[in-house]
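Colleague:
Numbering (my numbering), first residue to last: 8 to 110.
1) Does residue 9 come out as helix, strand or coil in the three-state DSSP assignment?
2) Compute the Euclidean distance between the alpha carbons of residue 46 and residue 52, then round it to the nearest angstrom.
3) How would you write the range of the alpha helix (DSSP H) that residue 54 sits in, first residue to last?
4) Out of curiosity, what's the CA-to-CA distance linking residue 117 and residue 98?
5) For residue 71 and residue 57, I'd like the C-alpha separation in whole angstroms.
Printed below as a string of structure tokens:
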């Protein structure tokens with residue numbers, strides 16, 4: 008017959024068992040902390056990657072808009088130059104008429 012009765016634990020054994028339990032609890036806590044740190048690092052990397060991609064897309068958009076704006080300015084400058092040239096020709100003709108009239 009097997010004796011399944013509980014034996015009295017000595018104070019030394021009790022302390023040793025408590026130390027073992029506490030040690031295992033500390034190890035588990037450390038492993039959980041390491042796992043949480045790894046997850047946090049992964050989340051940060053993912054967030055930074057997403058932010059960088061968003062920033063790159065925004066920069067590409069701004070560059071395109073800047074080029075479009077520059078092209079529009081060039082068109083406007085060409086139109087203004089043509090108008091100025093017409094005005095200069097008209098003023099020159101008027102001056103010639105005035106000179107001829109004075110002579």
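We put the beta carbon where it would ideally sit given N, CA and C, even for glycine. As the structure is a prediction and not an experimental result, all values here were calculated from the model.
Modeller: Taking the structure as given:
1) coil
2) 10 Å
3) 18-109
4) Residue 117 lies beyond the range of the chain shown here (8 to 110); nothing can be said about it.
5) 21 Å
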